[in-house]
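Numbering (the numbering used here), first residue to last: 522 to 1067.
For each residue, glycine too, the CB sits at the ideal point set by N, CA and C.
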RNA sequence: GUUCCGGUAGCUCAGAGGAUAGAGCAACAGCCUCCUAAGCUGUAGGUCGAGGGUUCGACUCCCUCCCGGAACGCCA
């Protein structure tokens, strides 16, 4: 809630007390239509039933008990019962020096109270290049982490490296087969092998570095270590190019090395959460909300995917986080119940684990859907997409939509660097501001001055709208963080840019009067600070010129 | 069959109890002797998948159904 909303809420609470001797929660909203004021409340309508009176009448009665402060120019009651507050632009003027002084700290809040969140995302198996289907999770997780930090949470970003399971065995066999083929020895890839060209390249590199020695000796261990390392390095590099980094890369294999999986299974057995059937060990997840029980030790003695993942979440919880957030693809939604069930058994803290599901991205090329699979190697890599479309366009694109949206990514469109791409709209607003600030400095030796308090020369509806938007930034951050909706920030960016463009187009910034010019420069500088900060949250650069 | 998402303007998507349902792109009509026109201004475009229900009020909540995507392994 903004300062002004807090003040208006207080006014309403007092008036409600006086008029009806009632104490109710006050809901303040910002009307879409400026005709309906700057803030409004549905209070009168919510009371209509209890009081058995017409909402308009109730509204008028409440308003009659409000002593109108200076910052409010008008209060009116409109059908069907809204109470609308029109505020003076001057009420927003304090905001300008505030933002200029706080700079990028503006919009931060202590909502998170420094609670520590661990957020796990991407976690793509190191069995090949990362592809565009993974980029959505990467963009979402990174942006969400930054927003949470901005809202006062401590955040650890984590990537779970599946370097322990059967898929790595298949990876090694795939590398080995390609290595043999490199020396013209007959070899076939395993049935579940990886056919991507990056595997062929990797085998060739190994051949160049080590010659044919692995034809004579067993290369399994070397292929395994080198394969995972280099493929993971490639993934890290691609993510870094997308502006996505992690604090922790957690190795699944390390769980085995430290007996964490074994310990976890033993604990589950000891506490009576398991039973044997058909030669396998089952976990009674159905007692904890799962639709059926799950196997954790297969009849061949191996673990299922779930087993080390339970151990992994147990390890994460033991580090003392207040919450674990997993961002998973929509194809994993059926996995949630069993994981949470297992965590409930072990710790009773299943509510500390929250799983955000993002729907899969359908990639369209030449009007046709491109099905992606790492095994087949038929995938459009993230690297190619970044090369062609650029980091900013990709980040903006993914940050625009709710995680629930089933998105179509039209590659032909994404690659086009035209006005069709809305990222430029926001970046252009920033570049325009910088251009003006430079021009004023160069030609008139004028620059923004946070000491200025008087903005009366700037009375204008475009300025007022712009300031009103700047005013809501902290509330936008809090909402985006608490509801975990990254796209709220992106929509805010668009709105802010649009009001900046409108202001720029209708009102001359650099004018004859130095003082008035500096006042306007202050508004621009404040806008620039917020725009750049918000863009930073979603991982988009704010260029000085375009 | 069960579970999870989605169905809103020609297209891509916001909105999640309130006012005349909004943006971008595409379409149409204007605006550069003037701080970058990657911009601004205006017009047009909607049975919010369908039908019931709850409510003073439903695109929003509940139920049923239709369509699309995903998942329902001792795969990962």
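Less than 8 Å between the beta carbons of residue 594 and residue 608, yes or no? Taking the first chain and counting its residues from 1, the one referred to as residue 594 is at position 73. Taking the first chain and counting its residues from 1, the one referred to as residue 608 is at position 87. Yes, these two residues count as a Cβ contact at 8 Å.
Residue 745 in three-state terms, based on DSSP: Numbered from 1 along the first chain, position 224 holds the residue referred to as residue 745. Residue state, collapsed to three classes: helix.
Would you give the residue range spanned by the alpha helix (DSSP H) that residue 703 belongs to? For the purposes of this step, residue 703 is taken as the residue at position 182 of the first chain. Element bounds for residue 703: 687 to 703.
Grab the span of the beta strand (DSSP E) containing residue 1030 for me, first residue to last. For the purposes of this step, residue 1030 is taken as residue 509 along the first chain, with counting starting at 1. Neither: residue 1030 is in no beta strand (DSSP E) and is coded neither H nor E.
Reduced DSSP category for residue 856 - H, G, I as helix; E, B as strand; rest coil: Taking the first residue of the first chain as 1, we reach residue 856 at position 335. Three-state result, residue 856: helix.
Are the segment 871 to 889 and the segment 924 to 943 in contact at 8 Å, needing three or more beta carbon pairs? Because the criterion of three Cβ pairs below 8 Å is met, the segment 871 to 889 and the segment 924 to 943 touch.
Residues in the same chain with beta-carbon distance under 6 Å from residue 858, minus the five sequence neighbours each way, listed in chain order, please. Taking the first residue of the first chain as 1, we reach residue 858 at position 337. Here the set comprises 810, 811.
Would you kindly check if the distance between the Cβ of residue 948 and the Cβ of residue 1064 is under 8 Å? Residue 1064 sits at position 543 when you count from the first residue of the first chain. Residue 948 sits at position 427 when you count from the first residue of the first chain. Result yes, Cβ atoms of residue 1064 and residue 948 sit closer than 8 Å.
Nearest-angstrom beta carbon gap, residue 548 and residue 562 [assumed within contact, 8 Å]: Within the first chain, numbered from 1, the residue matching residue 562 stands at position 41. Within the first chain, numbered from 1, the residue matching residue 548 stands at position 27. Indeed, because the Cβ distance is near 6 Å, the residues count as touching under 8 Å.
With distances taken between CB atoms, is the gap from residue 796 to residue 639 smaller than 8 Å? What you label residue 796 is simply residue 275 of the first chain in a count that begins at 1. What you label residue 639 is simply residue 118 of the first chain in a count that begins at 1. Not a contact, by the Cβ cut-off of 8 Å.
Which residues in the same chain have their Cβ closer than 6 Å to the Cβ of residue 586, if we skip the five residues on either side of it in sequence? To locate residue 586, count along the first chain from 1; it is residue 65. Excluding five sequence positions before and after residue 586, the CB atoms of its chain that fall closer than 6 Å to its own CB belong to 536, 539, 540, given in chain order.
Could you tell me if residue 1032 is buried or exposed, where buried requires 16 or more neighbouring beta carbons within 10 angstroms of its beta carbon? Within the first chain, the letter at position 511 stands for residue 1032. When all chains shown are included, residue 1032 counts as exposed.
Hey, quick one: how far does the beta strand (DSSP E) through residue 804 stretch, first residue to last? To locate residue 804, count along the first chain from 1; it is residue 283. Start and end: 801 to 804.
With 16 as the cutoff for other CB atoms within 10 Å, does residue 1072 come out buried or exposed? A query on residue 1072 cannot be resolved here, the shown segment of the chain reaching from 522 to 1067 and no further.
Select from 803, 774, 575 the residue whose C-alpha is nearest the C-alpha of residue 787. Here the question's residue 787 lines up with position 266 in the first chain. Restricting attention to 803, 774, 575, the CA atom closest to the CA of residue 787 is found in 803.
Between which two residues does the alpha helix (DSSP H) holding residue 928 run? In the first chain, the residue the question calls residue 928 occupies position 407. Where residue 928 is concerned, there is no enclosing alpha helix (DSSP H), although the beta strand (DSSP E) it sits in stretches over 928 to 931.
Cα separation between residue 622 and residue 1017? Counting from one through the first chain, the residue named residue 622 turns up at place 101. Counting from one through the first chain, the residue named residue 1017 turns up at place 496. Using only the alpha carbons, I get a separation of about 20 Å.
Residue from 703, 546, 525 whose Cα sits closest to the Cα of residue 1084: Lying outside 522 to 1067, the shown extent of the chain, residue 1084 is not represented and no answer is given.
C-beta atoms of residue 1014 and residue 957 nearer than 8 Å: The residue labelled residue 1014 in the question sits at position 493 within the first chain. The residue labelled residue 957 in the question sits at position 436 within the first chain. With respect to residue 957, residue 1014 sits apart: the two C-beta atoms are not nearer than 8 Å.
In chain order, what residues of the same chain have a beta carbon less than 6 Å from the beta carbon of residue 813, not counting five sequence neighbours either side? As a working note, residue 813 is residue 292 in the first chain. For residue 813, where only same-chain residues beyond five positions count, the Cβ hits under 6 Å are 807.
Excluding the five sequence neighbours on either side, which residues of its own chain have a C-beta within less than 7 Å of the C-beta of residue 663, listed in chain order? Translated into positions along the first chain, residue 663 becomes position 142. Closer than 7 Å at the Cβ level, and outside the excluded window around residue 663, lie 764, 765, 1060.
Whole-angstrom distance between residue 863 and residue 800, CA atom to CA atom: Here residue 800 is taken as the residue at index 279 of the first chain, counted from 1. Here residue 863 is taken as the residue at index 342 of the first chain, counted from 1. Roughly 21 Å between the two C-alpha positions.
Can the beta-carbon of residue 961 be found closer than 8 Å to that of residue 1038? Counted from its first residue, the first chain places residue 961 at position 440. Counted from its first residue, the first chain places residue 1038 at position 517. In contact: residue 961 and residue 1038 (Cβ atoms closer than 8 Å).
Of all the alpha helix (DSSP H) runs that stay within the bounds of the segment 707 to 787, which reach a length of 4 or more residues? With a minimum length of 4 residues, the continuous alpha helix (DSSP H) runs that stay inside the segment 707 to 787 are 718 to 731, 734 to 737, 741 to 762, 773 to 778.
What residues in its chain sit with their C-beta under 6 Å from that of residue 721, if we drop five residues either side in the sequence? One-based indexing of the first chain puts residue 721 at position 200. Within the same chain, and ignoring the five residues on either side of residue 721 in sequence, the residues whose Cβ sits closer than 6 Å to its Cβ are 699.
Euclidean distance between Cα positions of residue 615 and residue 994: Taking the first chain and counting its residues from 1, one reaches residue 615 at position 94. Taking the first chain and counting its residues from 1, one reaches residue 994 at position 473. Those two C-alpha atoms are separated by around 15 Å.
According to the neighbour-count rule (16 or more other Cβ atoms, all chains shown, within 10 Å of its Cβ), is residue 546 buried or exposed? Position 25 of the first chain, counted from the first residue, corresponds to residue 546. Answer is exposed; the Cβ neighbour count stays below 16.
Confirm, please, whether the CB-CB distance from residue 875 to residue 844 is below 8 Å. Your numbering for residue 844 matches position 323 in the first chain. Your numbering for residue 875 matches position 354 in the first chain. Closer than 8 Å, so yes.
Alpha carbon of residue 912 to alpha carbon of residue 998, nearest angstrom: Here residue 912 refers to the residue found at position 391 of the first chain. Here residue 998 refers to the residue found at position 477 of the first chain. Answer to the nearest angstrom: the Cα atoms are 23 Å apart.
Where residue 792 falls, given that 16 or more other Cβ within 10 Å makes a residue buried: As a first step, residue 792 is located in the first chain; it is residue number 271 there, counting from the start. By the C-beta density criterion, residue 792 is exposed, having fewer than 16 other C-beta atoms within 10 angstroms.
Under 8 Å, do residue 742 and residue 684 count as touching if we go by C-beta distance? As a position in the first chain, residue 742 is number 221, starting the count at 1. As a position in the first chain, residue 684 is number 163, starting the count at 1. Not a contact, by the Cβ cut-off of 8 Å.
Quick one: any contact between the segment 967 to 978 and the segment 624 to 644, if contact means 3 or more CB pairs under 8 Å? Contact check between the segment 967 to 978 and the segment 624 to 644: fewer than three CB pairs, one atom from each, fall below 8 Å, which does not count as touching.
By the DSSP assignment, the beta strand (DSSP E) with residue 595 in it spans what residues? In the first chain, counting from the first residue as 1, residue 595 sits at position 74. That run of the beta strand (DSSP E) goes 593 to 599.
Work out the CA separation of residue 990 and residue 648 for me, nearest whole Å. Residue mapping note: residue 648 aligns to position 127 of the first chain, counting from 1. Residue mapping note: residue 990 aligns to position 469 of the first chain, counting from 1. Answer to the nearest angstrom: the Cα atoms are 46 Å apart.
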